[in-house]
Structures are given as C-alpha cells and as structure tokens.
Amino acid sequence: MPRRILVAKPGLDGHDRGAKVVARALRDAGNEVIYSGLHQTPAQIVEAAIQEDVNAIGLSALSGAHMTLFPAVVELLRERDAGDIVVFGGGIVPERDAELLKEQGIAAIFTPGTPLAEVTGWVESNVRSR
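Sequential numbering from 171 applies to the sequence shown in the numbering used here.
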C-alpha cells in the first residue's frame, strides 16, 4: 500500500509553487498525496492529517515563521496521540534553525535547490508504508 502524505502550507505564506512541485514528485514516486492549500493553521493541518490517516506531513514555509509553526504541528500531533506521523519540512530555513527544528521533532528539513530525488528517497527510507 502506498504511503499517504499531507503537504501543507502553514501560516500566512502565500507562495506554494515549491510545495506543489514536491507534492507532484512525491505522487510520481508512488505516494498518495493530499495538498491542504494555503494559509493553514497548525491545528487545521493536524486535523486534516488525522482525518486523512496519513503517514507523514510535509510542511513548507518561506515566510520565516518555521520556528513557530513547525514545532506547533509536532506538539499538536503529540497531544492528539498521533506522534507517530512523521513531520518533515522545507523552505527558506537557515542551517542553525534546521538543527533546532530537528531537536524539536521535525525529522528532516529540505531547502531550495534540494534535488527532488533526494526528497522522495528520504521519504521512501524514513516514512513507513501503509
């Protein structure tokens, strides 16, 4: 069975081209992908992830709010007993922030220019199938 992955855009960031490119690459690699659309709150993202019974959430942030929004998703998942959902992220994330996010439960961070095969390969290796 294919993995189910929610690709989500938390916060007020209105740029979703990168998220759509990653979502398409994940789909083309054999995953079921749900795209939540723009301007989602962490609570909306977690609710959608639980309702859709996903294996992973891919978050995209270009607005600089990643240090607040990404950990909020992880915390809400834990509160809902859904901490087994793998959370990874991408966007404009400085290396130091990426390390701090990993300490807070974000499994991986992919920055602009990361080859799509690297993202899909990471998902294949680190997200369980259904």
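Cβ atoms here follow ideal geometry from the backbone N, Cα and C, with glycine treated the same way.
From a predicted model like this one, the values you see are computed outputs, not experimental measurements.
To the nearest angstrom, report how far apart residue i and residue j are at their CA atoms.
i       : j       : result
Gln-335 : Leu-208 : Not covered by the structure: residue 335. The range shown for the chain is 171 to 300.
Pro-282 : Glu-249 : 31 Å
Ala-226 : Gly-184 : 22 Å
Ile-276 : Val-289 : 14 Å
Arg-174 : Lys-190 : 16 Å
Val-224 : Ile-255 : 7 Å
Ser-295 : Ala-278 : 12 Å
Gly-291 : Pro-172 : 14 Å
Arg-300 : Arg-266 : 33 Å
Grouping DSSP H, G and I as helix and E and B as strand, with all else coil, what is residue i?
i       : result
Ile-204 : strand
Ala-235 : coil
Ser-295 : helix
Val-210 : With the sequence shown as reference, residue 210 is identified as Gln, and Val is not the correct amino acid for it. Looking at Gln-210 - three-state DSSP - the assignment turns out to be strand.
Gly-261 : strand
Val-289 : helix
Gly-228 : strand
Pro-172 : coil
Ile-220 : helix
Ala-242 : helix
Ile-276 : coil
Ala-178 : strand
Rounded to whole angstroms, how far is the Cβ of residue i from the Cβ of residue j, which I believe are closer than 8 Å?
i       : j       : result
Val-257 : Leu-229 : 7 Å
Glu-222 : Leu-176 : 6 Å
Checklist entry - Should the region 258 to 266 be called in touch with the region 231 to 244, which here means at least 3 C-beta pairs below 8 Å? => result yes
Next on the checklist: Whether or not the region 192 to 200 and the region 268 to 277 are in contact is what I'm after, with contact meaning three or more pairs of Cβ atoms, one per stretch, closer than 8 Å; do they touch?
Outcome noted: The answer is no - the region 192 to 200 does not touch the region 268 to 277, with fewer than three Cβ pairs under 8 Å.
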